[in-house]
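S.K.: Sharing a structure below in structure tokens format, with a few things to ask.
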Amino acid sequence: MNDYIEDFVEDESAASSDLFDCDYIPIDAVVNQVTVFTGCTTRATENGDRMVVAYGEGAAKSAFFTDSKKLKNVFGNPNRKYPFRAVIKVVSYGNMYGFNVFSPNTEITADDEANFSFYKRSKKRMPR
312 MNDYIEDFVE DESAASSDLF DCDYIPIDAV VNQVTVFTGC TTRATENGDR MVVAYGEGAA
372 KSAFFTDSKK LKNVFGNPNR KYPFRAVIKV VSYGNMYGFN VFSPNTEITA DDEANFSFYK
432 RSKKRMPR
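Going by the numbering used here, 345 is the number at position 34 of the sequence shown; the sequence numbering is gapless.
As structure tokens, then:
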């Protein structure tokens, strides 16, 4: 058996072309941080269709799932051009809390940090 066996050569462009071929982490990692968002898509999950938002580049790229209407409106806007820089903050709407997207030049205030801390504390009490 004298057949030539070719070695596998990794195609760099194919390996890095999928924005969503990465680790998925909670949105907490990007809240109150200036982040470069690189794309979004909708994926079918056991909980129905959910939006996935990708961010970062190279080894630092990651993604998170979101059901937030505000985030879906921003990231899913057909006129949105990727990549773009922004900050996701936890905002209060009366006695409710949610996410919203702001300019990367926005200041992170003590209220922003307090809202994020409240969100993290209340998230742990939510029934799964």
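Beta carbons: idealized from backbone N, C-alpha and C, even for Gly. None of the values given here were measured: they were computed from a predicted structure.
Applying the criterion that 16 or more other CB atoms from any shown protein chain within 10 Å of the CB defines a buried residue, is D334 buried or exposed?
M.R.: Stepping through the sequence shown from its first residue, residue 334 is reached at position 23. Exposure of D334 is indicated by the presence of fewer than 16 other C-beta atoms within 10 angstroms of its C-beta.
S.K.: Near G409, what residues of its chain come up, given a Cβ to Cβ distance below 7 Å and the 5 sequence neighbours on each side ignored?
M.R.: Residue 409 sits at position 98 when you count from the first residue of the sequence shown. Excluding positions up to five away in sequence, the list reads S379, K381 and V402.
S.K.: May I have the straight-line CA-CA distance separating T420 from R354, to the nearest angstrom?
M.R.: Position 109 of the sequence shown, counting from 1, holds the residue named residue 420. Position 43 of the sequence shown, counting from 1, holds the residue named residue 354. Straight-line Cα distance between these residues: approximately 34 Å.
S.K.: Quick one: residues in its chain with C-beta nearer than 8 Å to the C-beta of T349, no 5 flanking neighbours on either side, listed in chain order?
M.R.: Position 38 of the sequence shown, counted from the start, is the residue given in the question as residue 349. Result list for T349: L330, A365, Y366, G367, E368, K372, Y393 and P394, in chain order.
S.K.: Could you name the residues of the same chain whose beta carbon sits closer than 8 Å to that of S433, not counting the 5 residues immediately before and after it, in chain order?
M.R.: Position 122 of the sequence shown holds residue 433. Excluding residues within five positions, the ones whose Cβ falls inside 8 Å are Y408.
S.K.: If R396 and P415 are in contact, beta carbons under 8 Å, what's the gap, nearest whole angstrom?
M.R.: Taking the first residue of the sequence shown as position 1, residue 396 is located at position 85. Taking the first residue of the sequence shown as position 1, residue 415 is located at position 104. Confirmed, about 4 Å.
S.K.: Which one of M362, N384, G387 and V385 has the shortest CA to CA distance from P375?
M.R.: Reading the sequence shown from its first residue, position 64 is the one you call residue 375. As written in the sequence, residue 375 is Phe, which differs from the Pro given in the question. Measuring from the Cα of F375, the nearest candidate turns out to be M362.
S.K.: What residues are listed by DSSP as bridge partners for K400?
M.R.: Numbered from its first residue, the sequence shown carries residue 400 at position 89. Bridge partners of K400: N411.
S.K.: When DSSP labels each residue in this structure, what does R354 get in the three-state scheme?
M.R.: Here residue 354 refers to the residue found at position 43 when the sequence shown is read from its first residue. In this structure, R354 counts as strand in the three-state DSSP scheme.
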